[in-house]
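Numbering (the working numbering), first residue to last: 10 to 256. Even for Gly, the Cβ is constructed at its ideal location relative to N, Cα and C. Written out below as structure tokens is the structure these notes cover.
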Amino acid sequence: MVGKVEGALVDGIREKGCIHLALIDPEKFSNNLAHIVADLESHGTLAIMIGGSTLKSSAQLDKTVKTIRDSCSLPTILFPNGPVGISRFAHAIFFMSLLNSSSTRYLIESQVVGASVVRRFNLEPIPLGYMIVGQSETAVSKVGVAKPVPFSKIDLATDYALAAQYLGMRFVYLEAGSGAERMVDPRMVSRVSETVDVPVIVGGGIRTPDQAERLARAGASAIVTGTVLEQEGPGRVKQILAALKRA
Ligand code: 1GP
10 MVGKVEGALV DGIREKGCIH LALIDPEKFS NNLAHIVADL ESHGTLAIMI GGSTLKSSAQ
70 LDKTVKTIRD SCSLPTILFP NGPVGISRFA HAIFFMSLLN SSSTRYLIES QVVGASVVRR
130 FNLEPIPLGY MIVGQSETAV SKVGVAKPVP FSKIDLATDY ALAAQYLGMR FVYLEAGSGA
190 ERMVDPRMVS RVSETVDVPV IVGGGIRTPD QAERLARAGA SAIVTGTVLE QEGPGRVKQI
250 LAALKRA
């Protein structure tokens, strides 16, 4: 069943073409978080994702989610690295499987551990197929024991995305890794989004308005930025949002 947060994402995509999601890693953001998220809301970010591949403390996660909820009215969506990434204070969770992991832990085991917790906390699960793309190792590919889909292997990425859709996942995420030197190639985004019917989220290494515009024109339904927000602040995100509007 499609819940409220998922409905808001889908409506946003329908209305705007490509939406912006901000990623807050609780290990990296502490000062100023309240102001940052309030600014993001006024600039037009649609939701806040919260998580990080090395997150270890659920107390730190809870504190971050509470600060965000107290400071803006945007939906909060958990982006978990495992059961530790679940907080009772969020609205929703990307209930995801790392499609190209070679570890059963990231394919299904963590989800089995987390499912009853999601239910108990009354979080809205949003089923998502997550795929790591790139040539070199990143924190997420190392932690997730993933064999990244090379940037040029567009057919392979498309097959993964289609498999995710046929398994019932309602979003596909193409991930180049946080702070990646290179973002996902717009040609890959274009083919994947032409092939699947579900929205395609793209993240990792997006730093400039021009990059965001190219991804939106290629057919991305959502782009995610974390590092640029952390390093340059919401002003940069405002420029990225303007670029998405242009696209
Ligand atoms: C990482 O895709 C996200 O999971 C965001 O990446 O930190 O490079 O923006 P950046």
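Non-local C-beta neighbours of leucine 176 in its own chain, meaning closer than 8 Å and more than five positions away in sequence, comprise Gly138, ordered along the chain.
Shown here, isoleucine 215 sits in coil according to DSSP, grouped into three states, outside any helix or strand.
The closest heavy atom of ligand 1 lies less than 7 Å from the beta carbon of isoleucine 215. Counted as a single uninterrupted DSSP element, the beta strand (DSSP E) harbouring serine 106 occupies residues 101-107. In this structure the segment 117-124 lies against the segment 91-100, because at least three pairs of beta carbons, one per stretch, are closer than 8 Å. Not a single heavy atom of ligand 1 lies less than 7 Å from the C-beta of valine 46. Listed as beta-bridge partners of isoleucine 210 by DSSP are Tyr182, Ala231.
Note: glutamate 133 is bridge-paired with Ala101 in the DSSP secondary-structure output. In this structure, DSSP gives alanine 155 an extended state, which the three-state scheme calls strand. One alpha carbon belongs to serine 161, the other to arginine 200, and they sit about 12 Å apart.
Within the same chain, and ignoring the five residues on either side of phenylalanine 88 in sequence, the residues whose Cβ sits closer than 6 Å to its Cβ are Met58, Gly60, Phe103. Looking only at Leu18, Cys27, Arg23, the smallest Cα-Cα distance to leucine 224 is reached by Cys27.
Counting the other Cβ atoms within 10 Å of the Cβ of threonine 63 gives fewer than 16, which makes it exposed.
Per DSSP, the continuous alpha helix (DSSP H) segment holding methionine 197 begins and ends at 195-204. Cβ-Cβ distances below 7 Å link arginine 78 to Thr85, Phe98 in the same chain, with the five nearest sequence neighbours on each side left out; the list follows chain order. Counting along the chain, alanine 166 sits inside the alpha helix (DSSP H) bounded by residues 163-175.
Straight through space, the alpha carbons of alanine 43 and serine 80 are spaced by roughly 5 Å. Annotation for glutamate 222: Ala252, Leu253, Arg255, Ala256 place their beta carbon closer than 8 Å to its own, counting only its chain and skipping 5 residues before and after. Between valine 181 and alanine 189, the CB-CB gap reaches or exceeds 8 Å.
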